[in-house]
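**Q**
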Amino acid sequence: MSLTLGLTLLLAVLVGVALGLLGGGGSILTVPILTYVAGLEAKEAIAASLFVVGVTSAVSVLAHARARRVRWRTGLVFGAAGMAGAFLGGLIGGHLPGTLLMIAFALMMLATAVAMIRGRRSAPESVVRELPVPTVVLEGLVIGLVTGVVGAGGGFLVVPALVLLGGLPMSAAVATSLLVIALKSFAGLVGYLASVQLHWPLVLGVTAAAVVGSFLGARLAGVVPERALRAGFGLFVLAMGAVVLVQELGVPLWPAALAGAAVLALAAACWFVVPACPLRRLVARTA
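Here's what the structure looks like:
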């Protein structure tokens, strides 16, 4: 086993851990891993990520289903609409320039990171509103289209939609999102396979590693505080998104890294030194 392959498989385990813990975030990690570590082209990496995340999510659904947390009707309605959007997105993405896809993916990473750091609020466990089918179908189409084009925007878009539109409690929303992600991922993959060929031995190896990680993530779910985990993971995704965007735009990496480090240093100084730091008020409002 080469060093590159070993590192790719090790990082793929983290993809599964993210899905098992958070109900999303798989593609946010998978695409950069396959692009910058495994060396795949952007379109191939996005298509492969759809397979990896789809299979891993489908396996994770089984564990949640045994605990009766999956809302099948809501998930199937949302997922069916998402599949249509994802298939269309996959067809479109297969004909777009790779650089454009990676820039769009980086922007999705930044938006996802902000949403993760801010956190999300769930409906009370006892509140279950009537499913607004037309709204959920429209939301599923839009999110599916985004997922199909850039290979991302799964759980961290689906979970809030299920909470707000379907009135699901957080535990059910996370479990149901995995069903939706699996359906959308496979539909997007079919769209991409019309114009992209995959290196199946690598894809299957990464998928197996991610599935192992999903079991580990499920075991850790009750141990790690969700808010702390999401905030830390969000900061990591924010940094990765910035790196991908800088690299795809052709900006020299070192000046950008120094600028980012300066911003982080100023933020840390504000947080720890200035008693009335605006960052504290921002965190308090989003808590």
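So the sequence shown is numbered by my numbering: it starts at 900 and just counts up by one.
Ideal Cβ placement from N, Cα and C applies to all residues, glycine included.
Keep in mind that this is a model prediction, so the values were computed, not measured.
1. Got a sec, what are the start and stop residues for the alpha helix (DSSP H) Glu940 sits in?
2. Could you give the distance in angstroms between the alpha-carbon of Ala1086 and the alpha-carbon of Val976?
3. Please tell me whether Val914 and Thr929 are closer than 7 Å, where the distance is taken between their beta carbons.
4. Are Gly925 and Ser959 touching if we call contact CB-CB under 7 Å?
5. May I have the straight-line CA-CA distance separating Ala954 from Ala1081, to the nearest angstrom?
6. Can you grab the Cα-Cα spacing for the pair Leu1119 / Gly1112, in whole Å?
7. Pick out whichever of Ala937, Val1036, Gly981 and Val912 has its Cα sitting closest to the Cα of Leu1101.
8. What residues in its chain sit with their C-beta under 8 Å from that of Leu1115, if we drop five residues either side in the sequence?
9. Nearest CA to the CA of Val1058: which residue from Ala1071, Ala957 and Val1048?
10. Run through DSSP, which three-state label would Thr1185 get?
11. Buried or exposed, going by whether 16 or more other CB atoms sit within 10 Å of the CB of Ser1084?
12. Starting from Thr1106, follow the alpha helix (DSSP H) in both directions and report where the run begins and ends.
13. Using 8 Å for Cβ pairs, my map puts Ala944 next to Gly1140. What's the rounded Cβ distance?
14. How many angstroms separate the CA atom of Leu1092 from the CA atom of Val951?
15. Can you give me the C-alpha to C-alpha distance between Pro1174 and Leu1165, rounded to a whole angstrom?
16. Starting from Thr973, trace the alpha helix (DSSP H) both ways and give me its first and last residue.
17. Spatial neighbours of Ala1186 within its chain, please: C-beta separation below 6 Å, excluding the five flanking residues on both sides.
18. Give the single residue among Tyr935, Thr934, Ser1076 and Gly984 whose Cα lies nearest to the Cα of Val1089.
19. Expressed to the nearest angstrom, what Euclidean distance is found between the alpha-carbon atoms of Leu1000 and Thr1034?
20. Measuring CB to CB, does Ala957 end up less than 7 Å from Ala1117?
**A** Straight from the coordinates:
1. Unbroken run through Glu940: none, as it is neither H nor E.
2. 14 Å
3. yes
4. no
5. Reading off the sequence shown, one finds Val at residue 954, where the question assumed Ala. Distance between the alpha carbons of Val954 and Ala1081 is about 7 Å.
6. 10 Å
7. Ala937
8. Val912, Gly915, Val916 and Gly919
9. Ala1071
10. The predicted model places Thr1185 with a pLDDT of 46, which falls under 50 and marks its position as unreliable, so this point remains unresolved.
11. buried
12. Trp1099 to Leu1119
13. About 15 Å; that fails the 8 Å criterion.
14. 14 Å
15. 14 Å
16. Trp971 to Gly992
17. In this predicted model, Ala1186 has a pLDDT of only 48, less than 50, meaning its place in the structure is not dependable enough to derive any value.
18. Gly984
19. 28 Å
20. no
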